[in-house]
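Residue numbers (the numbering used here), protein chains in the order written: chain A, 5 to 939; chain B, 61 to 512.
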């Protein structure tokens with residue numbers, strides 16, 4: 005699957021010819037067997053009933069279905085005419101892609117039609133990274149993070165763990181560098197405007213407006229340069245920038261500690277900047293990394309496969325200018341949805357009308373499709389042959405798992421049709437591109453089976469160029485406080501819908517945001533202090549105004565958000581997404597607010613001068629966990645019990661041999677007078693969850709949804725707390741609202757030995773299995789819900805309605821194909837919950853038996869475990885002394901959630917460990933003991 | 061028959077002696093050709109509510125219990141609140157009939173029939189809820205232990221299973237008790253019946269009662285035995301209902317005080333309901349001479365006493381939570397009083413603790429309208445008590461991530477209102493066709509019956 009020009013290798017489970025479950029390809033460098041939410045949810049997109057079923061043609065104001073043959077004739081005629089003209093007037097607007105086949109086709113297209121133009125646009129562009137590298141090294145290099153080698157990691161508005169093309173590999177790498185049991189734990193510093201997964205993992209985090217990161221990076225560079233004695237060719241020592249906020253004690257001490265720690269770990273530190281930051285910050289990071297000898301150690305460089313292309317913004321500007329100038333006769337938009345996701349000030353939509361003949365290929369009939377002459381359905385990636393490059397440049401091949409459900413064609417096939425040199429089929433295109441490298445059928449088959457070919461691209465050793473001191477704006481030299489009207493507005497990828505392309509995916513819409521826990525909505529994140537100053541109640545509607553454009557959307561209090569900075573996720577407010585994501589023309593109101601409406605080409609990521617006005621109305625939000633602001637009683641109660649629920653320690657504390665996480669609560673002995681009714685002589689399944697490793701990425705939640713046929717219930721039901729997820733990730737804030745710590749805690753059924761649910765079921769619908777699973781017998785359940793009431797973890801989910809009625813609708817029949825046939829689909833009135841993926845246990849047992857061997861540790865992987873990028877979840881047989889799950893339980897960090905209730909849960913948690921720097925630890929300890937701030 | 065069409069109930073009952081007057085006073089109500097207009101109004105409202113009830117339950121059975129506001133984490137909402145409320149109401153009847161009978165409290169005879177009828181009807185209302193609140197009501201019979209080809213047996217460790225038997229036993233005994241007491245009175249009505257329909261109907265109901273001394277002897281024995289059997293049930297049924305909560309792990313439920321506390325609360329609520337029903341009945345049907353102010357006053361004293369018991373339980377819950385030293389327990393009670401559901405808690409305190417305090421004054425105790433008002437208030441309070449216990453405790457349990465706020469839907473309110481429709485429909489039919497006061501028993505307590 006390719007997203008933003010980086011392909012991740014996946015393996016897909018197919019049942020009766022229908023792909024139902026995506027897993028990472030263990031051989032692939034960007035996946036190592038794990039996945040993210042988008043990979044997991046993509047399989048639902050394949051069966052989206054709103055996908056286009058055939059080409060749509062515009063006749064004047066009317067649009068109507070037309071057969072492919074008609075499109076082929078029209079398109080073929082246009083292309084023949086253009087080929088005769090050398091391609092003059094032909095423009096293609098594509099997405100960023102690393103596909104070698106597409107590159108090859110583009111070269112052929114350029115050869116056949118030299119006058120044609122190819123443009124690229126991605127709304128969440130990472131161009132700043134590339135330009136920054138060019139600034140620092142003179143050429144575009146791609147930094148390849150080797151976090152496993154790092155001791156000190158400094159992230160400037162960067163989230164290498166989730167919002168990064170190689171996020172899974174980065175997360176794995178970081179966790180290899182953070183293993184408390186070994187005593188080695190890379191220290192992570194995060195400086196960011198809004199909470200990211202990296203900010204959660206960070207040992208120290210500073211909430212700072214995004215625009216102030218640049219002066220901070222300059223100050224860091226100055227501090228490092230002053231001590232690191234750069235070589236003459238690295239340029240002069242940079243003077244410390246004059247910025248008022250740098251004098252703030254908390255900023256100054258933070259910065260001093262970061263610089264000190266980096267200097268203490270020469271060659272073992274790394275400084276990163278996020279895509280939101282301007283190229284200058286990236287250049288500064290490269291400079292610091294080179295000066296400290298980190299380059300080549302913790303960060304390596306590859307030549308960027310698309311290093312010389314113009315930036316996406318420049319490309320978009322160019323095509324709009326060409327359209328406006330009437331230079332575009334025929335425009336083919338390949339994928340993407342530019343009418344929806346381009347900056348408003350460029351007015352792409354109106355410009356589109358100036359082209360004579362426009363074609364848009366996409367999965368659904370979306371905002372852009374509505375404005376073109378021909379909309380043609382695109383093949384889903386699971387339906388088409390394809391290729392791409394991993395982040396490290398490894399060639400990745402993709403094969404179709406199912407014929408095109410709706411006769412869509414792949415991007416490669418559409419481009420090939422433009423060239424018309426006889427090779428039009430996806431497989432043939434792929435074979436032609438890689439003929440030299442893969443050779444005969446056998447070589448190709450082997451490559452397809454592995455899914456990847458060869459290894460990464462060769463590493464480069466770039467040399468640092470000196471660069472001038474960067475210019476700072478007035479705002480960047482100012483203090484921390486900003487007035488309303490001058491607030492900062494930052495944009496970013498949504499954790500669930502990315503840039504909006506997944507808006508019609510119910511699994512993702514109903515996935516709670518890791519930080520706000522909102523489903524089915526986006527909201528402006530406001531620091532509690534800023535909100536208080538502006539009179540914005542938690543969960544109320546506000547009007548944002550910037551550059552003369554306004555937008556009304558809900559605002560939520562986000563502890564840890566930098567004061568004065570407002571963050572809005574993109575990707576919502578789709579008007580032609582479909583029946584899930586919104587389609588007013590079909591009677592479905594858009595989900596969330598379209599924040600692209602505030603985004604201008606001048607400030608696509610960080611915009612200044614925002615005015616925020618509360619409207620006084622409350623928004624109807626659907627969070628799965630209460631919003632930040634609750635009553636004082638609840639807040640006090642929560643703070644009081646948090647140390648018991650989420651146990652935390654510092655690296656120094658756990659180094660003490662007397663430390664055990666279980667000691668956090670003193671309670672009477674739980675020893676029983678009676679013998680256990682079951683002796684568990686065979687298997688005894690158990691799970692371990694390491695809170696130190698959980699980054700809250702949600703991959704486990706979607707993986708579980710996909711594996712276990714968990715239904716999507718919709719916003720109204722979530723508002724009533726009726727979401728059905730079998731595993732949830734609890735998010736807890738600790739400490740002051742200005743600078744809190746977040747801990748994520750994945751909670752699924754704990755499969756208690758002494759299960760309170762089993763005790764109270766009057767019909768014995770939930771019982772213990774001989775292998776220690778707490779089984780749910782749907783057939784026997786009459787739905788008293790007593791088990792849920794008595795479950796201290798509240799992990800049981802109840803079917804209040806028949807969620808499968810949606811399939812009765814003829815339009816949704818296709819969606820049935822996504823169901824896992826190994827898992828019962830539950831009807832209404834029954835309770836359901838995590839089964840420890842009992843179907844996977846059975847499958848593993850059967851295959852072990854067929855292979856005449858005994859079950860080995862690791863043969864059974866639950867869906868959540870398999871998807872987890874950080875391997876925070878382990879599962880295995882507690883009777884197997886050599887299993888990883890038993891080994892993990894030897895740790896002094898092990899504790900049972902609410903174990904004092906004598907439920908004897910089968911899931912053990914490992915306490916969250918932080919590795920604070922001694923200089924900042926004292927301050928952190930004080931703040932942690934603070935009463936949480938009240939609103 | 062002497063009843064006049066204008067006002068059949070208000071005239072002085074005829075008859076040459078006190079026994080005849082008692083018979084006349086009670087029997088004329090059932091024999092009147094038409095009930096008073098107020099009965100029609102009340103019956104119309106009740107039947108309308110009953111229809112709402114039936115249609116609500118049909119909708120819920122058809123679409124799913126999701127129509128109610130029950131949610132995660134509050135998986136038990138109004139239906140179980142209503143169940144416990146009605147079970148509680150159903151307490152006073154047997155208490156008055158059985159325990160007070162065994163204690164030879166003669167004043168109970170005036171109100172016992174009423175209270176027993178109320179018990180039976182409240183039980184009817186109560187048992188509807190557990191049946192319909194489950195997700196798949198068509199298989200709720202799986203809770204019964206019956207031989208089946210699945211080889212499945214209910215799970216007897218579950219308090220819901222105990223509940224089934226406790227309520228079932230109590231309902232059976234209550235119905236038998238009620239019916240047995242009515243047999244001599246049915247015979248009276250049969251003997252007085254003017255038309256063949258009545259004669260046959262009451263005749264069947266009277267089961268061949270002839271009033272022979274052998275029959276009276278058997279009757280007295282049976283009544284005594286049933287009273288002895290019913291007495292422990294009064295204590296057991298609500299204790300077992302309390303086990304549903306007490307044996308669970310949930311802070312706010314998990315408490316050993318629950319059984320006695322629930323029984324006290326049930327008697328409290330049950331008596332309040334008797335007062336609520338008796339006052340209008342004696343006003344409309346001219347029973348003031350039988351159900352006297354003296355009886356009302358005694359009931360009000362019991363309301364005051366049990367109200368104080370309940371108040372003591374409220375206080376002890378807080379004390380025990382504090383004394384336990386368990387964070388979760390302590391929070392459950394602080395949250396109950398000061399959390400998002402504080403309004404419900406203080407409504408309960410006001411209704412159950414404050415309102416009955418007026419009964420310290422004799423003037424209030426002996427005023428029918430004050431009694432009626434307090435009776436209604438206490439019933440509201442007792443409903444809220446169950447709401448507070450069930451919903452508030454569930455809304456915030458161990459893990460703050462799962463906390464929620466239960467908001468009832470229109471279906472919840474209509475179901476609750478509808479259950480009153482069922483109750484009052486049955487009760488009004490009882491007032492119309494059955495002997496409202498135990499004639500035979502009242503006669504037995506008259507001074508002239510005491511032959512030495």
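Note that beta-carbon positions come from the ideal geometry of N, C-alpha and C, so glycine has one too.
For residue 845 (chain A), count neighbouring Cβ atoms within 10 angstroms of its own Cβ and tell me buried if that reaches 16, exposed if not. Translated into the one-based positions of the first chain, residue 845 (chain A) becomes position 841. That one is buried.
Starting from residue 183 (chain A), follow its DSSP beta bridges and name the residues at the other end. Along the first chain, one-based indexing puts residue 183 (chain A) at 179. Residue 183 (chain A) is bridged to A:188.
If you measure from the beta carbon of residue 99 (chain B) to each beta carbon in chain A, is any gap under 9 angstroms? Here residue 99 (chain B) corresponds to residue number 39 of the second chain, with the count starting at 1. No, residue 99 (chain B) lies away from the interface with chain A (no Cβ there is under 9 angstroms from its Cβ).
For the region 698-724 of chain A, enumerate the residues whose C-beta is nearer than 7 angstroms to any C-beta of chain B, in chain order. 724
Short of 7 angstroms in beta carbon distance, which residues of its chain neighbour residue 26 (chain A), apart from the five on each side in sequence? Order them along the chain. In the first chain, residue 26 (chain A) corresponds to position 22, counting from 1. Correct list, in chain order: 14, 16, 39, 43, 44, 46 and 47.
Any idea if residue 465 (chain A) is buried or exposed, counting beta-carbon neighbours within 10 angstroms, 16 or more meaning buried? As a working note, residue 465 (chain A) is residue 461 in the first chain. With fewer than 16 Cβ atoms within 10 Å of its Cβ, residue 465 (chain A) is classed as exposed.
Report yes if the C-beta distance between residue 327 (chain A) and residue 356 (chain A) is below 9 angstroms; otherwise report no. Along the first chain, one-based indexing puts residue 327 (chain A) at 323. Along the first chain, one-based indexing puts residue 356 (chain A) at 352. Yes; because the gap between Cβ atoms is below 9 angstroms, this pair is in contact.
May I ask you to report which of helix, strand or coil DSSP gives residue 804 (chain A)? Translated into positions along the first chain, residue 804 (chain A) becomes position 800. If DSSP states are grouped into helix, strand and coil, residue 804 (chain A) belongs with coil.
Since residue 911 (chain A) meets chain B, which of its residues come closer than 8 angstroms, beta carbon to beta carbon? Position 907 of the first chain holds residue 911 (chain A). Simply none; closest approach about 13 angstroms.
Mind listing the chain B neighbours of residue 792 (chain A)? Cutoff is C-beta to C-beta under 8 angstroms, in chain order. On the first chain, residue 792 (chain A) is found 788 positions in, with the first residue counted as 1. Listed along chain B are 132, 133 and 135, each with a C-beta nearer than 8 angstroms to that of residue 792 (chain A).
Check the DSSP bridge columns for residue 735 (chain A) and list the partner residues they point to. As a working mapping, residue 735 (chain A) is identified with position 731 in the first chain. Beta-bridge pairing links residue 735 (chain A) to A:748.
For the putative contact between residue 624 (chain A) and residue 723 (chain A), defined by C-beta atoms under 8 angstroms, what is the C-beta separation to the nearest angstrom? Locating residue 624 (chain A) in the first chain gives position 620, counting from the first residue. Locating residue 723 (chain A) in the first chain gives position 719, counting from the first residue. That pair is a contact at about 7 angstroms.
To be precise: take each residue of the region 798-818 of chain A, compare its Cβ to all Cβ atoms of chain B, and keep it if any distance is under 9 angstroms. Which residues remain? 798, 799, 800, 801, 802, 803, 804, 805 and 806
With respect to the beta strand (DSSP E) encompassing residue 720 (chain A), which residues constitute its N-terminal and C-terminal limits? Walking along the first chain from the start, residue 720 (chain A) turns up at place 716. Premise fails: residue 720 (chain A) lies in the alpha helix (DSSP H), 719-723, not in any beta strand (DSSP E).
Should residue 267 (chain B) go down as buried or exposed, given a rule of 16 or more other Cβ atoms within 10 Å for buried? Locating residue 267 (chain B) in the second chain gives position 207, where the first residue counts as 1. Residue 267 (chain B) should be labelled exposed.
Given that residue 649 (chain A) touches chain B, what residues does it touch there, using C-beta distances under 9 angstroms? Within the first chain, the letter at position 645 stands for residue 649 (chain A). Those are 458, 459, 460 and 461, listed as they occur along chain B.
Tell me the rounded alpha-carbon separation between residue 930 (chain A) and residue 188 (chain A). Sequence index remark: in the first chain, residue 930 (chain A) carries index 926 (1-based). Sequence index remark: in the first chain, residue 188 (chain A) carries index 184 (1-based). Only weak support exists for where residue 930 (chain A) lies, its pLDDT of 49 falling under 50; the value from the coordinates is given anyway. When rounded, the distance between both Cα atoms is 25 angstroms.
Just to check, is the beta-carbon of residue 753 (chain A) closer than 8 angstroms to a non-hydrogen atom of the ligand ATP? Ligands are entirely absent from the displayed structure, and the ligand ATP is therefore not among its contents.
Would residue 413 (chain B) and residue 471 (chain B) qualify as a contact pair, given that the criterion is a beta-carbon distance under 9 angstroms? By one-based count along the second chain, residue 413 (chain B) stands at place 353. By one-based count along the second chain, residue 471 (chain B) stands at place 411. Not a contact, by the Cβ cut-off of 9 angstroms.
If I measure Cβ to Cβ from residue 906 (chain A) and keep anything under 8 angstroms in the same chain, skipping five residues before and after, which residues do I get? Against the first chain, residue 906 (chain A) aligns to sequence position 902. The answer, listed in chain order, is 674 and 758.
Between the region 332-347 of chain B and the region 430-448 of chain B, do three or more beta carbon pairs fall short of 8 angstroms? yes
Are any of the Cβ atoms in chain A nearer than 9 angstroms to that of residue 494 (chain B)? For the purposes of this step, residue 494 (chain B) is taken as residue 434 along the second chain, with counting starting at 1. Cβ-Cβ to chain A under 9 angstroms: no for residue 494 (chain B).
With 9 angstroms set as the bound, which would you pick, yes or no: does the beta-carbon of residue 395 (chain A) sit closer than that to a beta-carbon of chain B? By one-based count along the first chain, residue 395 (chain A) stands at place 391. Not an interface residue.
Can you tell me the Cα-Cα spacing of residue 325 (chain A) and residue 501 (chain A), whole angstroms? Taking the first chain and counting its residues from 1, the one referred to as residue 325 (chain A) is at position 321. Taking the first chain and counting its residues from 1, the one referred to as residue 501 (chain A) is at position 497. Roughly 30 angstroms between the two C-alpha positions.
Residue 159 (chain A) by DSSP, collapsed to three states: which one? Residue mapping note: residue 159 (chain A) aligns to position 155 of the first chain, counting from 1. Residue 159 (chain A): strand per DSSP, three-state reduction.
Hey, which unbroken runs of the alpha helix (DSSP H) at 4 residues or more fall wholly within the region 859-929 of chain A? 867-871 and 888-893
Closer than 8 angstroms is the cut-off here; do at least three beta carbon pairs connect the region 290-306 of chain B with the region 154-168 of chain B? yes
Based on Cα-Cα distance, which residue from A:236, A:162 and A:879 lies nearest to residue 221 (chain A)? Numbered from its first residue, the first chain carries residue 221 (chain A) at position 217. Taking only the C-alpha atoms, the option nearest residue 221 (chain A) is A:162.
Report the residue ranges of all beta strand (DSSP E) runs contained in full by the region 676-712 of chain A; include only those spanning at least 3 residues, in chain order. 689-694
For a quick check, are the C-beta atoms of residue 290 (chain A) and residue 141 (chain A) less than 9 angstroms apart? By one-based count along the first chain, residue 290 (chain A) stands at place 286. By one-based count along the first chain, residue 141 (chain A) stands at place 137. Closer than 9 angstroms, so yes.
First through last residue of the alpha helix (DSSP H) which encompasses residue 204 (chain A): Taking the first residue of the first chain as 1, we reach residue 204 (chain A) at position 200. Run containing residue 204 (chain A): 201-205, per the alpha helix (DSSP H) assignment.
Contact set between the region 722-745 of chain A and chain B, restricted to residues whose Cβ is under 8 angstroms from the partner: 724, 725, 726, 727, 732, 734, 735 and 736
Continuous beta strand (DSSP E) stretch holding residue 780 (chain A): start and end: Here residue 780 (chain A) corresponds to residue number 776 of the first chain, with the count starting at 1. Bounds of the beta strand (DSSP E) holding residue 780 (chain A) are 778-780.
Helix, strand or coil at residue 6 (chain A) according to DSSP, with G and I counted as helix: Position 2 of the first chain, counted from the first residue, corresponds to residue 6 (chain A). It is a strand residue.
Just to confirm the assignment: which complete alpha helix (DSSP H) runs, minimum length 4, are found wholly within the region 281-336 of chain A? 283-295 and 316-328
Collapsed DSSP secondary structure at residue 72 (chain A) in the structure displayed: As a working mapping, residue 72 (chain A) is identified with position 68 in the first chain. In this structure, residue 72 (chain A) counts as helix in the three-state DSSP scheme.
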